[in-house]
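Peer 1: Protein chains in written order, with the numbering used here: chain A, 1 to 223; chain B, 224 to 446.
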């Protein structure tokens, strides 16, 4: 047991190594696609089957599908998957859960000292599909980061909301969430941008969004 | 304007008043029910129409339905609604978002000094329906509370996980979530218990759960 512990300690990654490796840093998504049609199995299976998941770890479960990997690949895969579901024409609800900085379970047990992983907000892709979303963003730790930037998640969240206003997806606030509307790709890009921007000074950041596609309520709103 | 500001300041509630009033304390749920059938509109409308929401504020939207009120009424309504959907026999996914201690939007802007609202974990009701869920619990502030109990959300989360083990719903951890399985009512009771238990020492606590009902994958697991 002592030998094992010594070996493990010797192999402990540095903060820089943790930050550079999306999987070790716990960068990933859980996504649940619920399609409101009798043909839900083929609709979901077709969309997942056509998905390019190169560079991502994929684990499909009965409640959600886990995707692990860097932020740009995650946004691309989530956009492609949701666009494919939207293209089916069926009403669907997508539950999206993003996390970085803590590979743990229900409770954050952040590996101390990993620091913040700073990446550019991944570029969104417009899809021509309308989406309405409710979005909650959680900075879960405010430890000082190595590069001397003071943690200030309010500053970064404000920047994320500002980005949503600038790109036209911001539609106001409701209990516990911010409402976004617009092109599906731009809405997802906003969600990812908020998550990565807060993550520049906070190690562990999660967000949850519920995204409605092809709702009967959206007939007039859809472009 | 000055008069208004003065009036508002004079009416500022005390921490005790905030804690005693579920709506002022921001106790509520957002729930999205996605039923995977062509008959989703009538299935959802029937379930919502039959729901006893006495004592709760209800706001129905295109992305989710907001329910505001005390924890026991919320658990009863969420259990009744999910049971009703489960009874339809259709495969469904329920996205549940609980929050207390902060009526704000995407970003927590907790009203300072409200302190923790301490309530008993509401009693669950067994439904005879099987559910599988993925659950994430977020203590979002660790301010000292008025009654001298030191904030220690790890202690309370551990107690919540222990409760899930004791009542048989705990099925292990996955990336970013804890997996629960069992009777739908007991699973929901576990989720509410974790949320309220952490809330005894932390003002702002949210949780998110995705709950799968009548999944084709559950045929063998269902009782």
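For each residue, glycine too, the CB sits at the ideal point set by N, CA and C.
Quick one: which chain A residues come within Cβ less than 9 Å of residue 258/B?
Peer 2: As a first step, residue 258/B must be located in the second chain, where it is residue number 35. Near residue 258/B (Cβ distances below 9 Å), the residues of chain A are 34, 36.
Peer 1: Could you please give the first and the last residue of the uninterrupted alpha helix (DSSP H) stretch that includes residue 15/A?
Peer 2: Indexing the first chain from 1 puts residue 15/A at position 15. First-last of the alpha helix (DSSP H) with residue 15/A: 15-20.
Peer 1: Are residue 279/B and residue 301/B touching if we call contact CB-CB under 8 Å?
Peer 2: Residue 279/B sits at position 56 when you count from the first residue of the second chain. Residue 301/B sits at position 78 when you count from the first residue of the second chain. No, the Cβ-Cβ distance between residue 279/B and residue 301/B is not below 8 Å.
Peer 1: Would residue 408/B be called buried (16 or more neighbouring beta carbons within 10 Å of its own) or exposed?
Peer 2: Here the question's residue 408/B lines up with position 185 in the second chain. Answer is buried; the Cβ neighbour count reaches 16.
Peer 1: Is the CB of residue 84/A under 8 Å away from at least one CB in chain B?
Peer 2: Here residue 84/A refers to the residue found at position 84 when the first chain is read from its first residue. Not closer than 8 Å to any Cβ of chain B, the Cβ of residue 84/A fails to qualify, so no.
Peer 1: For the stretch 381-395 of chain B and the stretch 430-444 of chain B, state whether three or more C-beta atom pairs, one from each stretch, are separated by less than 8 Å.
Peer 2: These segments do not touch.
Peer 1: Select from 295/B, 243/B, 313/B, 321/B the residue whose C-alpha is nearest the C-alpha of residue 264/B.
Peer 2: What you label residue 264/B is simply residue 41 of the second chain in a count that begins at 1. The candidate whose alpha carbon is nearest that of residue 264/B is 313/B.
Peer 1: Got a sec: is the Cβ-Cβ distance from residue 400/B to anything in chain A below 8 Å?
Peer 2: Working through the second chain from its first residue, we reach residue 400/B at position 177. Answer yes: the Cβ-Cβ gap between residue 400/B and chain A drops below 8 Å somewhere.
Peer 1: Measure from the alpha carbon of residue 168/A to the alpha carbon of each residue in 180/A, 176/A, 158/A, 175/A, then state which is nearest.
Peer 2: Counting from one through the first chain, the residue named residue 168/A turns up at place 168. It is 180/A.
Peer 1: Looking at the C-beta of residue 311/B, does it have a partner C-beta in chain A at a distance below 8 Å?
Peer 2: As a first step, residue 311/B is located in the second chain; it is residue number 88 there, counting from the start. Judged by the 8 Å Cβ criterion, residue 311/B is not in contact with chain A.
Peer 1: Can you name the start and end residues of the alpha helix (DSSP H) that residue 189/A belongs to?
Peer 2: Taking the first residue of the first chain as position 1, residue 189/A is located at position 189. Looking at the DSSP string, the run of the alpha helix (DSSP H) that includes residue 189/A is 184-198.
Peer 1: Residues bridged to residue 102/A by DSSP?
Peer 2: Counted from its first residue, the first chain places residue 102/A at position 102. Beta-bridge pairing links residue 102/A to no other residue.
Peer 1: Hey, is the stretch 33-52 of chain A in contact with the stretch 246-259 of chain B, meaning 3+ C-beta pairs nearer than 8 Å?
Peer 2: Yes, since at least three Cβ pairs between the stretch 33-52 of chain A and the stretch 246-259 of chain B fall closer than 8 Å, the two stretches touch.
Peer 1: Please name the residue or residues paired with residue 139/A in a DSSP beta bridge.
Peer 2: The sequence position of residue 139/A within the first chain is 139, counting from 1. Per DSSP, 205/A.
Peer 1: At 8 Å on the CB atoms, spell out the chain B contacts of residue 95/A, in chain order.
Peer 2: Here the question's residue 95/A lines up with position 95 in the first chain. Within chain B, the residues near residue 95/A are 255, 316, 318, 433.
Peer 1: Quick check on residue 286/B - is its C-beta less than 8 Å from some C-beta in chain A?
Peer 2: Taking the second chain and counting its residues from 1, the one referred to as residue 286/B is at position 63. Cβ-Cβ to chain A under 8 Å: yes for residue 286/B.
Peer 1: Less than 8 Å separating the beta-carbons of residue 239/B and residue 63/A?
Peer 2: Taking the first residue of the second chain as position 1, residue 239/B is located at position 16. Taking the first residue of the first chain as position 1, residue 63/A is located at position 63. Not a contact, by the Cβ cut-off of 8 Å.
Peer 1: Starting from the Cα of residue 188/A, find the closest Cα among 46/A, 200/A, 82/A, 54/A and give me that residue.
Peer 2: Looking up residue 188/A in the first chain gives position 188. That would be 82/A, whose Cα lies nearest to the Cα of residue 188/A.
Peer 1: Would you mind telling me which residues of chain B sit closer than 9 Å to residue 18/A, beta carbon to beta carbon, in chain order?
Peer 2: Along the first chain, read from residue 1 onward, the residue named residue 18/A stands at position 18. Residues of chain B passing the Cβ test: none, with the nearest at roughly 16 Å.
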